[in-house]
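Chemist: Protein chains in written order, with this note's numbering: chain A, 1 to 292; chain B, 1 to 292; chain C, 1 to 292; chain D, 1 to 292. A single structure is presented below for examination.
There are 4 protein chains.
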Amino acid sequence: MRHIVTSPIVLGLVVIQPVSYETHMIMKISRVLQQTRSQYQNIEIVELTEYGRALVLDGLVQSTEVDEHIYHESLVHPAMTTHPEPKKVLIIGGGEGATLREVLKHSTVREAVMVDIDEKVVELSKQYLQELHKGSFYDPRGRVLIADGKEYVEKTQERYDVIILDLTDPYASEIAYELYTSQFYKKISNILTEDGIMVTQAGSSFYYENVYDKVLASVRDVFPIVREYNVWVPSFGYACNFIIGSKRHDPEKLTREEVDKRLKDRNVETRFYNGRTHIALMNLPIYRKARR
Amino acid sequence: MRHIVTSPIVLGLVVIQPVSYETHMIMKISRVLQQTRSQYQNIEIVELTEYGRALVLDGLVQSTEVDEHIYHESLVHPAMTTHPEPKKVLIIGGGEGATLREVLKHSTVREAVMVDIDEKVVELSKQYLQELHKGSFYDPRGRVLIADGKEYVEKTQERYDVIILDLTDPYASEIAYELYTSQFYKKISNILTEDGIMVTQAGSSFYYENVYDKVLASVRDVFPIVREYNVWVPSFGYACNFIIGSKRHDPEKLTREEVDKRLKDRNVETRFYNGRTHIALMNLPIYRKARR
Amino acid sequence: MRHIVTSPIVLGLVVIQPVSYETHMIMKISRVLQQTRSQYQNIEIVELTEYGRALVLDGLVQSTEVDEHIYHESLVHPAMTTHPEPKKVLIIGGGEGATLREVLKHSTVREAVMVDIDEKVVELSKQYLQELHKGSFYDPRGRVLIADGKEYVEKTQERYDVIILDLTDPYASEIAYELYTSQFYKKISNILTEDGIMVTQAGSSFYYENVYDKVLASVRDVFPIVREYNVWVPSFGYACNFIIGSKRHDPEKLTREEVDKRLKDRNVETRFYNGRTHIALMNLPIYRKARR
Amino acid sequence: MRHIVTSPIVLGLVVIQPVSYETHMIMKISRVLQQTRSQYQNIEIVELTEYGRALVLDGLVQSTEVDEHIYHESLVHPAMTTHPEPKKVLIIGGGEGATLREVLKHSTVREAVMVDIDEKVVELSKQYLQELHKGSFYDPRGRVLIADGKEYVEKTQERYDVIILDLTDPYASEIAYELYTSQFYKKISNILTEDGIMVTQAGSSFYYENVYDKVLASVRDVFPIVREYNVWVPSFGYACNFIIGSKRHDPEKLTREEVDKRLKDRNVETRFYNGRTHIALMNLPIYRKARR
Numbered sequence: 001m002r003h004i005v006t007s008p009i010v011l012g013l014v015v016i017q018p019v020s021y022e023t024h025m026i027m028k029i030s031r032v033l034q035q036t037r038s039q040y041q042n043i044e045i046v047e048l049t050e051y052g053r054a055l056v057l058d059g060l061v062q063s064t065e066v067d068e069h070i071y072h073e074s075l076v077h078p079a080m081t082t083h084p085e086p087k088k089v090l091i092i093g094g095g096e097g098a099t100l101r102e103v104l105k106h107s108t109v110r111e112a113v114m115v116d117i118d119e120k121v122v123e124l125s126k127q128y129l130q131e132l133h134k135g136s137f138y139d140p141r142g143r144v145l146i147a148d149g150k151e152y153v154e155k156t157q158e159r160y161d162v163i164i165l166d167l168t169d170p171y172a173s174e175i176a177y178e179l180y181t182s183q184f185y186k187k188i189s190n191i192l193t194e195d196g197i198m199v200t201q202a203g204s205s206f207y208y209e210n211v212y213d214k215v216l217a218s219v220r221d222v223f224p225i226v227r228e229y230n231v232w233v234p235s236f237g238y239a240c241n242f243i244i245g246s247k248r249h250d251p252e253k254l255t256r257e258e259v260d261k262r263l264k265d266r267n268v269e270t271r272f273y274n275g276r277t278h279i280a281l282m283n284l285p286i287y288r289k290a291r292r
Numbered sequence: 001m002r003h004i005v006t007s008p009i010v011l012g013l014v015v016i017q018p019v020s021y022e023t024h025m026i027m028k029i030s031r032v033l034q035q036t037r038s039q040y041q042n043i044e045i046v047e048l049t050e051y052g053r054a055l056v057l058d059g060l061v062q063s064t065e066v067d068e069h070i071y072h073e074s075l076v077h078p079a080m081t082t083h084p085e086p087k088k089v090l091i092i093g094g095g096e097g098a099t100l101r102e103v104l105k106h107s108t109v110r111e112a113v114m115v116d117i118d119e120k121v122v123e124l125s126k127q128y129l130q131e132l133h134k135g136s137f138y139d140p141r142g143r144v145l146i147a148d149g150k151e152y153v154e155k156t157q158e159r160y161d162v163i164i165l166d167l168t169d170p171y172a173s174e175i176a177y178e179l180y181t182s183q184f185y186k187k188i189s190n191i192l193t194e195d196g197i198m199v200t201q202a203g204s205s206f207y208y209e210n211v212y213d214k215v216l217a218s219v220r221d222v223f224p225i226v227r228e229y230n231v232w233v234p235s236f237g238y239a240c241n242f243i244i245g246s247k248r249h250d251p252e253k254l255t256r257e258e259v260d261k262r263l264k265d266r267n268v269e270t271r272f273y274n275g276r277t278h279i280a281l282m283n284l285p286i287y288r289k290a291r292r
Numbered sequence: 001m002r003h004i005v006t007s008p009i010v011l012g013l014v015v016i017q018p019v020s021y022e023t024h025m026i027m028k029i030s031r032v033l034q035q036t037r038s039q040y041q042n043i044e045i046v047e048l049t050e051y052g053r054a055l056v057l058d059g060l061v062q063s064t065e066v067d068e069h070i071y072h073e074s075l076v077h078p079a080m081t082t083h084p085e086p087k088k089v090l091i092i093g094g095g096e097g098a099t100l101r102e103v104l105k106h107s108t109v110r111e112a113v114m115v116d117i118d119e120k121v122v123e124l125s126k127q128y129l130q131e132l133h134k135g136s137f138y139d140p141r142g143r144v145l146i147a148d149g150k151e152y153v154e155k156t157q158e159r160y161d162v163i164i165l166d167l168t169d170p171y172a173s174e175i176a177y178e179l180y181t182s183q184f185y186k187k188i189s190n191i192l193t194e195d196g197i198m199v200t201q202a203g204s205s206f207y208y209e210n211v212y213d214k215v216l217a218s219v220r221d222v223f224p225i226v227r228e229y230n231v232w233v234p235s236f237g238y239a240c241n242f243i244i245g246s247k248r249h250d251p252e253k254l255t256r257e258e259v260d261k262r263l264k265d266r267n268v269e270t271r272f273y274n275g276r277t278h279i280a281l282m283n284l285p286i287y288r289k290a291r292r
Numbered sequence: 001m002r003h004i005v006t007s008p009i010v011l012g013l014v015v016i017q018p019v020s021y022e023t024h025m026i027m028k029i030s031r032v033l034q035q036t037r038s039q040y041q042n043i044e045i046v047e048l049t050e051y052g053r054a055l056v057l058d059g060l061v062q063s064t065e066v067d068e069h070i071y072h073e074s075l076v077h078p079a080m081t082t083h084p085e086p087k088k089v090l091i092i093g094g095g096e097g098a099t100l101r102e103v104l105k106h107s108t109v110r111e112a113v114m115v116d117i118d119e120k121v122v123e124l125s126k127q128y129l130q131e132l133h134k135g136s137f138y139d140p141r142g143r144v145l146i147a148d149g150k151e152y153v154e155k156t157q158e159r160y161d162v163i164i165l166d167l168t169d170p171y172a173s174e175i176a177y178e179l180y181t182s183q184f185y186k187k188i189s190n191i192l193t194e195d196g197i198m199v200t201q202a203g204s205s206f207y208y209e210n211v212y213d214k215v216l217a218s219v220r221d222v223f224p225i226v227r228e229y230n231v232w233v234p235s236f237g238y239a240c241n242f243i244i245g246s247k248r249h250d251p252e253k254l255t256r257e258e259v260d261k262r263l264k265d266r267n268v269e270t271r272f273y274n275g276r277t278h279i280a281l282m283n284l285p286i287y288r289k290a291r292r
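If you want it as structure tokens, here you go:
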């Protein structure tokens, strides 16, 4: 039994965000900083009263000041920490620069390439979302390419230790879905080093179970070691799923102490992720609706 | 970066539920089965298209068919499993019978007393929410008292191994708040056996951090061993917090294997909780907003 | 300048109703009396806190206790009063019986036939919406046929003095739209007496100007005398438009005094419509968006 | 019976506007141009997809490009036209300049004084709402004073032919309510010429019947001739009420032809108001909920 003060909807400007087909979230806006349209999507940068500054693409919150660390640390660090010495890292997507920021925290990294298709998102993030990128765009080890991630993966001659897929959701569109097929994961595998590791965000297994299961099967088609985990992200309205595909290193084998040691050795400072969090993520059940 | 199909709000009958002061959730209703008012609250039993049959009190979803197991298993089993042999259990609140159902799964239990103030909730749950109580109301080891939980705790001569506080949220009202003070926890401690353990649901540390911190401090005032954990409950729109106060047994000391063994020995079958889940809950960070 | 107390959204069960493509209305529900699906549509009978008992079809409010008289009196009486002696009246649609109720108020009427396709709407209205039909279903002068209105119009050998089209909106679907074409109005004209008059509700000229203009043109194709008027209906969220097509009698020619005399002679008692209202309806501008 | 295409809520940025205690309106925003707070209120200037550029104060739409002419013409012209030769006009409120614009259309006017308390509304309207004020702020016959309207009325030595009260709603607050009492109307009467006429907007008689009736009684306490009328304003979500108090001239006595002649003689061009509209407004019933 639970019960909270019946709070009024604070009226005026709000964002109505779809959480799933028949669940939506209403969030109060205090200020709208930018509204524009790129070639690919509607881009809005707003202040939400409860979540701070936020990037909103096509009506969906991508990152907010108060909880983006939960998403980005959970996306980046389990894979990065599992690899014993990640030097070269590729990020597909991640336009606001926060994924790049987390990757660059690892002192082992010599080169981090971020490939995002939408230049406007990158530009506006530089201008308005300093709290999110924290200057990562200007780190000499980082490189931002405005390009189609799929093409980049097909053509590059480079090899990467870690690849992070910070993509639009698999149920977003047919184009998005292409980046969640075993065909694509084979190409990812081809440009990973022989002990390379990849991670993809994978939407919501609770609300979109069928799509999620297909993505999971695709990763399993290609990688010998596959691990799933999920983390509630307040401003998304759901627990976001992630899937790791790895050639040799298994994130489940890492102890709490090993994780903490690697983070310390690499000078990684975090707010959400650490050795204990790693253990939690590897053990928390994947959310699914109870069969009725 | 994430992106989902821009889904329309399915129009018609919906529930608008406050998640916090300035965040709300809209959920589509397929059918309304009961609407009434007891002496204490508005009671609605509805079918939600995405969550199945649900109990709604004063506009707040309490339990739904598709995710109540996440809440109730997380509330009950960490404390129950930590106690080596829980025979007598007290539940305050829990009117729909699902907490009682989980308690009675432990074959060690000889007597489980559930004290809820609202007879109408119990009656309607018996009639409409068979999927939630699963007959627990009719188990000979269970006993349901319609009474004020606070008074019961003050007057009873019984002693309990485990006490489960399935109460309205601490920020709900002054009356609710009384059941989250150190004064009340002292009384709880008095009716626990010398190795007794209690657990309370504690609302949301993310959205109501100040209130949560006071409750946590109150538990710490009384119990030598205090453990916190939180679990996303989809139909609540947030991760629900729980706090355990224990006199002797520490839930963090249990290994995955010990948890699984105890569940097996006691014939406890679950859908969400097990040894791995226990480890996850004990290690997952408590959600708080990032300092801005 | 205007300003009202910032009222909270009363949370819990609500209806979200589309007013147009990008405007919606939220109305608080106090009780749900019936929810079902007929062969044609979802049917809900609810109590709205501000509007009383209401019939809702496919998520759209059709009639509510507190304002249905505004819609039904405005639909029925201008045409009925304009005809000097309406004896035989045909209603297409109007399942909840309120249009029939208004027609039967005219003591000149000897026979009123109502043709509605959805038997379930009629049945549930009889059971739950006594305040709307006021027993009109049981008047010996009335006759309710469950049939396709279009087919009825094509096949009937009867001739009518007044025909009232209480149909779904013209922008609802292709099927609905068929009942707003000049082909259909020709058939209507064929079964009108030589001084017959018809009226149709016509949705919203403000929000759906293009569709409205086509309907208007279709009526003009067939009838020598065409008059438009519109009336705000609170629970619809807009001013509802009506179009009269007449063979001989012109509603604009009636004076206030003549209207009042006819109503008195025929023993018609109303709450909204009278001689003054008639003058207002014939003179109020048709709502259209200002050209930007 | 009516039925429209079940349109999805267009998600993303919206305004949720209270229409009454338990009815709300959701309107899609395409762009936010300004958000600020003055000493008195939150001020937002937005583009609404269906209504164009709009002024929003404390979450309530005041004027939109596509329908403000309906409100402002209905507020200004019935009173102005009823007076045979309005030379000096006082406006209390009306910060966005549209009321002033309508007043100045009458070529009889030599001086129009507008008194608004909120300088920021006036400034931002000058900057962003050219389509609303149409340059009226720069007309040499107009004068804008930033001052408390109540104090101005008490202290001024001027006498006016017409006074227009474009105030916040009577149910907005106690301060607002003061400007709707017989005490205040007496002061208004004192500064009217001996054949002077005043008009006030009066909120919604449908949704706030009790408050409306008090305001009406207050006007009747002071003026020998009192006329009420109401007009649906789409972006308000309701029919807005107006009350005229007059010392000698009666708006109901004007014929359609006289109104049209006066408008023509004074070179007044309008989009909504004319002789026919005047007749409609004087005859349309005042909206009230049917007694249940």
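From the three backbone atoms N, C-alpha and C, an ideal C-beta is built for every residue, glycine too.
(1) Does residue 275 of chain B come out as helix, strand or coil in the three-state DSSP assignment?
(2) Is residue 192 of chain A close to chain D? Criterion is C-beta to C-beta, closer than 8 Å.
(3) Taking the alpha helix (DSSP H) that residue 72 of chain A falls in, what are its first and last residues?
(4) Taking residue 34 of chain A as part of the beta strand (DSSP E), name the residues at either end of that continuous run.
(5) Here's a check: name, in chain order, each residue in its chain whose Cβ is nearer than 6 Å to the Cβ of residue 81 of chain D, leaving out the five neighbours to either side.
(6) Enumerate in chain order the residues of its own chain whose CB-to-CB distance from residue 96 of chain D is below 6 Å, with the five nearest sequence positions on each side excluded.
(7) Work out the CA separation of residue 28 of chain D and residue 14 of chain D for me, nearest whole Å.
(8) Contact check, residue 282 of chain A vs residue 229 of chain A under 8 Å by CB: the rounded distance?
(9) Among the residues of its own chain, which have a CB less than 7 Å from the CB of residue 98 of chain B, if the five just before and after it don't count?
(10) Looking at residue 159 of chain C and residue 193 of chain C, is the spacing between their C-beta atoms short of 8 Å?
(11) Does the Cβ of residue 135 of chain B have 16 or more other Cβ atoms within 10 Å, making it buried, or fewer, making it exposed?
(12) Grab me the residues of residue 271 of chain D's own chain with a C-beta within less than 8 Å of its C-beta, minus the 5 sequence neighbours each way, in chain order.
(13) Which residues in chain D have a C-beta closer than 9 Å to the C-beta of residue 67 of chain C? List them in chain order.
(14) If you draw a straight line from the alpha carbon of residue 149 of chain A to that of residue 116 of chain A, how long is it in whole angstroms?
(15) Is residue 224 of chain C close to chain B, meaning its C-beta is less than 8 Å from at least one C-beta of that chain?
(16) Taking the alpha carbon of residue 251 of chain B as the point to measure from, which residue in B:163, B:77, B:50 has its own alpha carbon closest?
(17) Look at the alpha carbon of residue 86 of chain A and the alpha carbon of residue 212 of chain B, and state the distance between them as a whole number of angstroms.
(18) Are the Cβ atoms of residue 59 of chain D and residue 166 of chain D separated by less than 8 Å?
(19) Run through DSSP, which three-state label would residue 169 of chain C get?
(20) Starting from residue 13 of chain A, find everything on chain D with Cβ-Cβ shorter than 9 Å and list it in chain order.
(21) I'd like to confirm the pairing. Which residues does DSSP put opposite residue 88 of chain C in its beta bridges?
(22) Less than 8 Å between the C-beta atoms of residue 139 of chain B and residue 179 of chain B, yes or no?
(23) Return helix, strand or coil for residue 18 of chain B, following the three-state DSSP convention.
(24) Which residue from C:286, C:127, C:221, C:141 puts its Cα closest to that of residue 109 of chain C?
Modeler: On the basis of the coordinates in this document:
(1) Helix at residue 275 of chain B.
(2) No, no contact with chain D.
(3) Per DSSP, residue 72 of chain A belongs to the alpha helix (DSSP H) from 68-82.
(4) Segment 23-37, the beta strand (DSSP E) holding residue 34 of chain A.
(5) Within the same chain, residue 81 of chain D has close Cβ partners 259, 262.
(6) When the five nearest sequence neighbours on each side are left out, the beta carbons in the same chain lying within less than 6 Å of the beta carbon of residue 96 of chain D are those of 55, 63, 125, 129, 132, in order along the chain.
(7) Taking the straight line joining both Cα atoms gives about 4 Å.
(8) Confirmed, about 6 Å.
(9) The residues are 63, 68, 72, 132, 133.
(10) Cβ atoms of residue 193 of chain C and residue 159 of chain C: closer than 8 Å.
(11) It is exposed - the Cβ of residue 135 of chain B has fewer than 16 other Cβ atoms within 10 Å.
(12) Spatial neighbours of residue 271 of chain D in its own chain (CB-CB distance under 8 Å, excluding positions within 5 residues in sequence) are listed in chain order as 69, 73.
(13) Annotation: Cβ neighbours of residue 67 of chain C in chain D (cutoff 9 Å, chain order): 206, 287, 289, 290.
(14) C-alpha separation (whole angstroms): 7 Å.
(15) Chain B, which has no Cβ nearer than 8 Å to the Cβ of residue 224 of chain C, makes this no.
(16) The shortest C-alpha separation from residue 251 of chain B is found at B:77.
(17) Annotation: residue 86 of chain A to residue 212 of chain B spans about 39 Å, alpha carbon to alpha carbon.
(18) Contact check for residue 59 of chain D against residue 166 of chain D fails: the beta carbons are separated by 8 Å or more.
(19) Here residue 169 of chain C sits in coil by DSSP.
(20) Here the neighbours are 13, 14, 15, 16, 29, 32, 35, 44, 46, 56, 59.
(21) DSSP lists C:111 as the beta-bridge partner residues of residue 88 of chain C.
(22) Going by C-beta atoms, residue 139 of chain B is not nearer than 8 Å to residue 179 of chain B.
(23) Strand, per DSSP.
(24) Residue nearest to residue 109 of chain C within the set C:286, C:127, C:221, C:141 is C:141 (criterion: CA-CA distance).
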